[in-house]
Each structure stands twice: as C-alpha cells, then as structure tokens.
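Remarks on the structure that follows.
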Amino acid sequence: MIYVKYEWGNWMYHGRTSWPQAIWFLSILLMLALLDGTTKFTWLVPPFAATLTILLLLPKSPIAQPIPVIVGTTLAASFGTAVSMIAHGPIYAVLAALAMVILLPLLRIYHPPGVALSMYPLLLHTNIWFPFLVVLPVTLIAVSSCSVLSRLSKNWANYPLPLRKG
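Going by our numbering, the residue at position 132 of the sequence shown is 158; the numbering climbs one at a time, nothing skipped.
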C-alpha cells in the first residue's frame with residue numbers, strides 16, 4: 027500500500043480570500059438576491075455560493091474548471107428538471123443526486139454543486155426553463171468573470187488551468 031503525506035498547506039492554494047475576491051463573491055450573490063422575486067425564477071440558489079467558493083479557493087481543482095462548472099451543473103439541473111416533470115419529492119431528489127454522482131464523473135464533468143442542483147427542481151418545483159435561464163447564465167457569468175479577474179488581479183490565482191496538449 028502506498029501512503030501519501032498530506033500537509034495542511036497543500037489542501038488549498040491559500041488560506042484567505044482577498045478583497046477583490048470577496049467583492050466579486052458578494053457582487054454575484056447580491057445580484058442574484060436582487061433578481062430574486064423580480065421574475066418567475068428563483069435566482070439565489072445555495073449551490074451557486076458553493077460554486078463561487080470552489081472557484082475562489084480551489085481554482086486548480088478539476089471540479090473548478092469551466093466545463094465541469096458550466097456543463098456539469100447545467101446537465102445536472104436539467105436532469106432534475108426532467109425527473110420533476112414525472113414526479114416530485116425527497117426520494118426522487120435523492121435518486122437524482124445518486125444518478126449525478128455516478129454519471130458526472132463518468133462524463134468527466136463532475137462539479138459537486140451540480141449534484142445539489144439536480145435535487146433542487148424536485149424539492150422546490152422550479153420552472154421548466156430553470157437549467158437554461160438561471161443555471162447556465164449564472165455559471166457562465168461566474169466562470170467568465172473569474173477568468174477575467176484572475177488576469178487583472180495579482181491577488182487571484184490563475185484561472186482556468188490551460189488545456190493539456192495531446
């Protein structure tokens with residue numbers, strides 16, 4: 027058996043959030059809070075805060091890269107929405123989450139908040155367009171703004187990781 031020594035400092039790239047990062051985090055969540063109730067959609071969804079946290083504190087992780095964040099999350103929310111057209115309730119939400127825990131890693135687009143978003147339509151009866159009119163735009167805004175700000179601020183880790191050749 028191989029043992030790997032882990033040190034606390036290796037778990038995250040740093041232990042603090044810088045002021046630009048905190049303002050970015052606050053701005054996106056505040057925008058969602060202000061949008062909430064103005065349309066027929068729910069905008070301020072807790073998994074979005076988890077996504078922003080992953081982008082800030084684990085930017086080099088595979089779960090923080092653009093494809094898992096955008097595609098994995100939207101696919102999971104779409105799956106939950108599709109199931110919600112047939113049935114609702116906590117048991118179906120658990121089954122949707124289980125399906126996403128199995129499927130997303132197989133597709134190499136695993137993003138943990140996506141698993142939570144697969145449950146959301148089954149528990150809260152969201153609009154059928156929730157994955158495409160809420161989840162997709164929010165994840166696109168989060169990923170693109172994080173990418174731009176990582177290039178503009180020296181206090182921000184480089185994001186996203188470059189694609190490997192070959």
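Positions of the beta carbon are idealized from the N, C-alpha and C atoms, including for glycine.
Buried or exposed for residue i, please, with buried defined as at least 16 other CB atoms from any protein chain shown within 10 angstroms of its CB.
{"i": "residue 115", "result": "exposed"}
{"i": "residue 165", "result": "buried"}
{"i": "residue 101", "result": "buried"}
{"i": "residue 78", "result": "buried"}
{"i": "residue 53", "result": "exposed"}
{"i": "residue 160", "result": "buried"}
{"i": "residue 30", "result": "The pLDDT assigned to residue 30 is 48, lower than 50, so where the model puts this residue is not dependable; a value taken from the coordinates is nonetheless given after this. Looking at its Cβ environment, which holds fewer than 16 other Cβ atoms inside 10 Å, residue 30 is exposed."}
{"i": "residue 50", "result": "buried"}
Using 7 Å as the threshold, is the C-beta distance between residue i and residue j below it?
{"i": "residue 90", "j": "residue 81", "result": "yes"}
{"i": "residue 106", "j": "residue 148", "result": "yes"}
{"i": "residue 125", "j": "residue 145", "result": "no"}
{"i": "residue 123", "j": "residue 95", "result": "no"}
{"i": "residue 157", "j": "residue 113", "result": "no"}
{"i": "residue 46", "j": "residue 153", "result": "no"}
{"i": "residue 70", "j": "residue 62", "result": "yes"}
{"i": "residue 143", "j": "residue 73", "result": "yes"}
What would DSSP say about residue i, mapped onto helix, strand or coil?
{"i": "residue 70", "result": "coil"}
{"i": "residue 87", "result": "coil"}
{"i": "residue 113", "result": "coil"}
{"i": "residue 179", "result": "coil"}
{"i": "residue 77", "result": "helix"}
{"i": "residue 46", "result": "helix"}
{"i": "residue 186", "result": "coil"}
{"i": "residue 107", "result": "helix"}
{"i": "residue 99", "result": "helix"}
Check the C-beta distance from residue i over to residue j and give it rounded, since I have them as a contact under 8 Å.
{"i": "residue 174", "j": "residue 92", "result": "12 Å between Cβ atoms; not a contact."}
- Item | Uninterrupted alpha helix (DSSP H) stretches inside the segment 111-160 (no shorter than 4 residues) | DSSP runs (the alpha helix (DSSP H)) wholly in the segment 111-160: 116-132 and 138-150.
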